[in-house]
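Start counting the sequence shown at 352; every next residue gets the next number (our numbering).
Every residue, glycine too, gets a C-beta built ideally from N, C-alpha and C.
What follows is a single structure, written as structure tokens, with notes after it.
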Amino acid sequence: MRDGIELARRQRPAVALVTETFWDQGNFISKAAGMPDIPRVALPHPVAGTGEARMSEIADGIADEIRTRLSA
């Protein structure tokens, strides 16, 4: 979340990737940072430690949404 906010502050296209479990925390952080509307994409939880095949599956599943949000 904070990486996405930092990129957006530098006028760089950014989309924050946030797992579903931490979505509410992402809301809090984005509001506290003054960027409540930063584009975000929800990922299933957990991602880390699920293996290369599962991570590739997740990436394939969100790639179009990331592209869409970056081009908005």
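Buried or exposed (CB count within 10 angstroms, at least 16 for buried), residue i
i, result
"Gly377", "buried"
"Ser381", "buried"
"Arg391", "buried"
"Val398", "exposed"
Coil, strand or helix - residue i by DSSP
i, result
"Gly400", "coil"
"Ala414", "helix"
Beta-carbon separation (whole angstroms), residue i vs residue j, contact threshold 8 Å
i, j, result
"Leu394", "Ile409", "6 Å"
query = What are the start and end residues of each continuous alpha helix (DSSP H) run of 4 or more residues lying completely inside the segment 352 to 394, in chain order?
reply = 353 to 360, 374 to 383, all fully within the segment 352 to 394.
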